[in-house]
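The sequence shown maps to residues 180 to 489 in our numbering. We treat Cβ as the ideally placed atom computed from N, Cα and C, and that holds for glycine.
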Amino acid sequence: MDKMAIRVQSLTRDFGNVHALDSLSLEVPAGIVFGFLGPNGAGKTTTIRLLLGLLEPTSGQAEVLGYDTRTQGGQIRSQVGALLENNGIYEQMSAEDNLELYGRANLIPAADRRQRIQQLLNEMGLWERRKDLAGSWSRGMKQRLALARAILHHPRLVLLDEPTAGLDVQAAVQVRESLSSLAEREGVTVFLTTHNMAEAEKICTQIAVIRRGRLVALGAPDELRAKAGKLQVIISGGGFSEQVLDMLRKRPDVESVEKQNHQLVIQMHTTPDIPTLVNLLAGEGVQVTEVTQGKASLEETYLLLMEEEK
């Protein structure tokens, strides 16, 4: 089996003069939760529709589970679960009947279908309400039902567009737990779009950040945080006069300087040259006792990436 669930090479999609997706290249390993992050209008939904073969790329290519998205969209959609803006739930039917209908449409044998429906409704915490009309449920319950529907046919890959958007905290946690369990228990690859940094940090093994259709970062959360953290320098010591702070603030490579007790927290625009910085401070009479580099949160990293791309 291919170790990559998704391969994308120079994928571009234009709508008139608008570059919705601009030469996107990435690979998604099988069996992980992969976060696709970006602000509204960044190209996240367009990417999912291209991966499902619902849109034709302007140029470039993509393979999903080894299938070409241009010519084999039907094969892709038969082996992929998807949850897009429209959750596809029939609100005048019960949860059980919703899944029964979808299972029949996907030609799941009756015995397997009944077993799978019971399993998923239990796992999603919906079994006790299975006979209720879906229209009477909360948004969080509907979203969990939609997720159950998306994975009913044992897909190898699930594509989810903002799966926790608009949910309350408890409902969002339940959906995230279900997604993590999918990857860990069943080896399903989960590709989810979000602009929720905390969500991505909690459940994603790898993250891609996109802005204005262009990929701006790709890696594990720790890798992205470490990269951003290197731009923060913490100087411990004494002699931090206002003159020293003003001198640092005037440097083109320094974004900001903040004095915190016996420390200076310096945010840089570029990766700092620590020895040069220490010598500069020593020359101004600063007694440097320790130099460390910060560790940015994923949210800080994301904001930094957005700022760099302006």
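Same chain, Cβ closer than 6 Å to residue i, five either side skipped, listed in chain order
| i | result |
| --- | --- |
| Arg-309 | Ala-274, Glu-275 and Leu-300 |
| Thr-250 | none |
| Gly-252 | Gly-232 |
| Ala-350 | Gly-319 |
| Val-243 | Ile-185, Leu-230 and Ile-255 |
| Ala-327 | Leu-299 and Met-303 |
| Leu-234 | Arg-228 |
Nearest-angstrom Cβ-Cβ length linking residue i and residue j, presumed shorter than 8 Å
| i | j | result |
| --- | --- | --- |
| Leu-410 | Gln-446 | 6 Å |
| Gly-239 | Ser-202 | 7 Å |
| Asp-340 | Glu-264 | 6 Å |
| Val-444 | Glu-434 | Actually they are not in contact, since the Cβ atoms of Val-444 and Glu-434 sit about 11 Å apart, beyond 8 Å. |
| Ala-379 | Leu-477 | 6 Å |
| Lys-381 | Arg-355 | 6 Å |
For residue i, the residue or residues it bridges with in DSSP
| i | result |
| --- | --- |
| Phe-194 | Val-197 |
| Gly-282 | Answer is none; Gly-282 lacks a bridge partner. |
| Thr-471 | Ile-413 |
| Glu-270 | None; Glu-270 has no bridge partner. |
| Asp-247 | Glu-242 |
| Met-183 | Pro-208 |
| Ala-396 | Val-388 |
| Leu-216 | Thr-373 and Val-388 |
| Gln-466 | Gly-417 |
| Gln-258 | Answer is none; Gln-258 lacks a bridge partner. |
| Leu-203 | Leu-190 |
Own chain partners of residue i with C-beta closer than 8 Å, once the 5 adjacent residues on each side are dropped
| i | result |
| --- | --- |
| Ala-387 | Leu-205, Phe-213, Gly-214, Phe-215, Leu-216, Leu-394, Ala-396 and Leu-397 |
| Phe-370 | Ala-184, Ile-185, Val-207, Phe-213, Phe-215, Ile-227, Leu-230, Leu-336, Val-337, Leu-338 and Leu-339 |
| Pro-334 | Gln-258, Val-259, Gly-260 and Val-367 |
| Asp-181 | Ala-209, Leu-244 and Gly-245 |
Beta-carbon contacts of residue i that lie in its chain and below 7 Å, excluding the five residues immediately before and after
| i | result |
| --- | --- |
| Gly-210 | Ala-362, Gly-366 and Thr-368 |
| Val-467 | Ile-414, Gly-416, Val-457, Leu-460 and Ala-461 |
| Phe-419 | Lys-438, Leu-443 and Val-465 |
| Lys-321 | Asn-266, Ile-268 and Ala-313 |
| Val-187 | Leu-203, Ser-204, Leu-205 and Ala-241 |
Uninterrupted beta strand (DSSP E) stretches inside the region 286-353 (no shorter than 3 residues): 336-340
The region 216-236 touching the region 284-300, judged by at least three CB pairs closer than 8 Å: no
Inter-stretch contact (C-beta, 8 Å, three-pair minimum) for the region 303-318 and the region 359-371: no
In chain order, each alpha helix (DSSP H) run of at least 4 residues that lies wholly inside the region 352-389: 376-382
In chain order, each alpha helix (DSSP H) run of at least 4 residues that lies wholly inside the region 407-448: 421-428
Any 3 or more C-beta pairs closer than 8 Å across the region 333-348 and the region 276-284: no
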